[in-house]
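Undergrad:
Numbering (the UniProt record's numbering), first residue to last: 1 to 269.
1) For residue 169, which residues from the same chain have a beta carbon less than 6 Å from its beta carbon, with the 5 sequence-adjacent residues on both sides left out?
2) According to DSSP, is residue 72 part of a helix, a strand, or is it coil?
3) From residue 190 to residue 78, what does the alpha carbon distance come to, in whole angstroms?
4) Grab me the residues of residue 109's own chain with a C-beta within less than 6 Å of its C-beta, minus the 5 sequence neighbours each way, in chain order.
5) Would you mind stating whether residue 37 and residue 85 have Cβ atoms separated by less than 8 Å?
6) Taking only runs of the alpha helix (DSSP H) that begin and end inside the stretch 186-252, which ones reach a length of at least 4 residues, in chain order?
7) Could you compute how far the alpha carbon of residue 235 sits from the alpha carbon of residue 218?
8) What whole-angstrom Cβ distance do residue 74 and residue 39 have, given they're in contact under 8 Å?
9) So for residue 110, helix, strand or coil by DSSP?
10) Looking at the structure shown, is residue 182 part of a helix, part of a strand, or coil, going by DSSP?
11) Counting Cβ pairs closer than 8 Å, one from the stretch 196-209 and one from the stretch 169-187, do we hit at least three?
12) Output yes if chain C places a C-beta closer than 8 Å to the C-beta of residue 66; else output no.
13) With DSSP as the reference, label residue 45 as helix, strand or coil.
14) Using 8 Å as the threshold, is the C-beta distance between residue 131 and residue 103 below it?
15) Could you say which of 63, 269, 65 and 80 lies nearest to residue 3 if we only look at CA atoms?
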């Protein structure tokens, strides 16, 4: 029998068409090609991106598709030329580290790498899911003096305290746009705003809650297909900036092991 990796059969959650439910079915997984690694998945974490692809509102979605990119496990086999790992290697302490597959790096890196939050600055984070909470922690690690956490779920607002949030507001409790609330709270707007919901309306709120002159809004959430951001050109004339972020600006092979070590050392919650 050949020592080369063979095609294997495993179970996967498959979405056959937009809006269809997940189906558990057997699939064939080809042997790894040159430069590839085949991983036996042991733990996975659902991502909001999976949910919008399943619903059919992801503009890049292709079907049928297997979702679940936030996962980790054990190296099962390697392709020709792979020297950075070997069969049997664990892709780190698994039940915790699966969060490093997307959510935590995406949010934390948006603050640390894309936004480059400065010490002593003011920050607003819209949406306190996994990505938003990681963004709060990233801003805290950068030394932001004030981190305003925005969510319609009061329980999340309390959870954000553990990650460095300093103020907490629920848009449903105000009778005016949340950007106006933040402008008033900060006497002119925050230095940085991070949108982590995927709502184009919230993207506008994030931009318009930043200060004139240098305010930066970073779009982290994934908007639905066909939706557009609407705002006045005036916001750009006065110096407000809008920027996108993907995977927090990290380089996976170089940076994820470093983040994993920070988790092990207790430097990241």
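Where a beta carbon is used, it is the ideal one built from N, C-alpha and C, also for glycine.
TA: Put simply:
1) 150
2) strand
3) 48 Å
4) 248, 249 and 250
5) yes
6) 200-208 and 234-237
7) 15 Å
8) 7 Å
9) helix
10) helix
11) yes
12) In summary, chain C is missing from the structure at hand, where a single protein chain is found.
13) coil
14) yes
15) 80
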